Amino acid sequence: TLSQRIIPLEPIDGEPDGPVALTDVVIALYLEGVPGHDHDGERHFDAGPLSEAAVAAFALGCAMGVGNGERVLDILEQTHAGAVEHVIEECRDPLVEKAAAVRSSPEPLEPEDFIDDLLRAVEDDAHATEDTAHNALSMAFEYGCILAHVERAAAMMVRNVFNRAQAEAVTEFEAGTNDDLPPGPDPNRPLQELAAEILSAYEADIGFGGG
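Just so we're aligned, residue 34 is where the sequence shown starts under this note's numbering, counting upward by one.
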């Protein structure tokens with residue numbers, strides 16, 4: 034399960050009395066397009082589309098960290114108050130190792146390579162609870178931010194590969210050869226543009242100062 038910390042990030046605990054964290058905004062944007070149903074009074078989401086949304090959220094984190102590296106610590110401080118340095122150091126070694134393995138592999142890079150443990154946990158069951166969905170998306174997004182912080186070149190590669198795959202998928206959708214648009218709030222735009230707009234809107238409407 035996600036509670037076993039399949040990547041070295043604790044799932045965030047929401048603070049309903051505080052300002053909405055940027056991570057929570059990203060969760061809402063990416064969860065909106067994931068199919069789900071209500072069961073016993075609780076929302077459940079389809080694991081396959083949720084897994085795809087987690088990959089997209091991870092790639093967004095990479096793009097946001099590459100384009101706005103000075104904001105990575107602020108983003109993490111909102112959900113890991115007082116523990117940001119510890120969180121980054123805990124993630125550093127596995128990310129550096131993964132980046133090195135990806136660079137030395139003859140296979141083309143896939144964004145999924147960096148969060149395969151997370152994706153396997155999501156896909157263990159056909160459906161995921163709302164808590165599991167929130168945790169998966171938050172961990173994926175923040176892991177992308179941290180990758181950009183510790184291995185910027187690898188994060189740029191993830192962003193660029195995702196952008197190319199997304200553009201191809203949109204073209205196939207418009208040509209009628211693919212029934213589904215890629216996940217995310219605006220798959221017609223490259224991630225760096227989307228990340229910049231999300232961050233700009235967040236800073237204008239909420240901000241990192243808690244106001």
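Cβ coordinates follow ideal geometry from the N, Cα and C atoms, glycine included.
Since this is a predicted model, take the numbers as computed values, not measurements.
Where residue i sits in the DSSP three-state scheme
i	result
residue 212	coil
residue 245	The requested residue 245 does not occur in the structure, where the chain is confined to residues 34 to 244.
residue 42	Low confidence applies here, because residue 42 scores a pLDDT of 48, under 50, leaving its location unreliable; read the following figure in that light. Here residue 42 sits in coil by DSSP.
residue 220	coil
residue 143	coil
residue 241	coil
residue 138	coil
residue 119	helix
residue 101	coil
residue 86	helix
residue 177	helix
residue 81	helix
residue 113	coil
residue 230	helix
residue 127	helix
residue 156	coil
residue 169	helix
residue 186	helix
residue 66	coil
residue 35	Confidence is the limiting factor: at residue 35 the pLDDT is only 41, short of 50, which leaves the residue's position unreliable and the question unanswerable from this model.
residue 47	Its pLDDT being 48, under 50, residue 47 is placed unreliably in this model, and the coordinates cannot settle the point.
residue 54	coil
Inter-residue CB distance, residue i and residue j (contact presumed, cutoff 8 Å)
i	j	result
residue 246	residue 195	With the chain running from 34 to 244 in the structure shown, residue 246 is simply not present.
residue 60	residue 170	5 Å
residue 175	residue 93	Incorrect: roughly 11 Å between the Cβ atoms, too far for contact.
Bridge partner(s) assigned by DSSP for residue i
i	result
residue 75	72
Proximity test, residue i beta-carbon vs the ligand NAD heavy atom, cut-off 7 Å
i	result
residue 60	Judged by which ligands are present, the structure shown has none, so any question about the ligand NAD falls away.
The stretch 140-159 contacting the stretch 58-75, beta-carbon criterion three pairs below 8 Å: The stretch 140-159, when compared against the stretch 58-75, does not touch it at the 8 Å Cβ threshold.
Count the CB pairs spanning the stretch 199-208 and the stretch 114-133 that are closer than 8 Å, and state whether there are at least three. no
With contact counted as at least three CB pairs below 8 Å, one residue from each stretch, are the stretch 128-136 and the stretch 172-187 in contact? yes
The stretch 150-166 contacting the stretch 78-86, beta-carbon criterion three pairs below 8 Å: Touching, per the Cβ criterion.
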